[in-house]
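Contents: one structure, followed by commentary.
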């Protein structure tokens, strides 16, 4: 996101089924090289829709106010100092174009 000009954040928020896995959160933190924070709600899409509706109904001045009032943080996972996941992810990224046709043919 930073390479396309999105700034002003210092962590990634994760919600939903995958965020329940400590291993998956650690992999995300390592690959993205950012801390990953869960939220106490496991239904992020539904909560987001409700916050947008509440903002549209005038209950909150803006979406940021709704987030401050309704989103509570859960567990935070820091990226590992080891470069293992970053190296493996780089290898995966370099191999994917060659493997993509095979992935499509077996799906």
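Numbering (my numbering), first residue to last: 104 to 210. C-beta: ideal position from N, C-alpha, C; glycine also. Model, not experiment: these values are computed from the prediction.
Asked, Found
"Buried/exposed call for residue 128, threshold 16 Cβ in 10 Å", "buried"
"Sequence-distant residues of the same chain with beta carbon closer than 7 Å to residue 188, five excluded per side", "130, 133, 134"
"Local conformation of residue 142 per DSSP, three classes", "strand"
"Selection from 205, 174, 182 that minimises the alpha carbon distance to residue 101", "Beyond the ends of the chain as shown, which are 104 and 210, falls residue 101; an answer cannot be given."
"Where the alpha helix (DSSP H) containing residue 122 begins and where it ends", "Segment: none, residue 122 is in no alpha helix (DSSP H) and carries neither H nor E."
"Contact the segment 160–168 vs the segment 194–202: 3+ CB pairs below 8 Å", "no"
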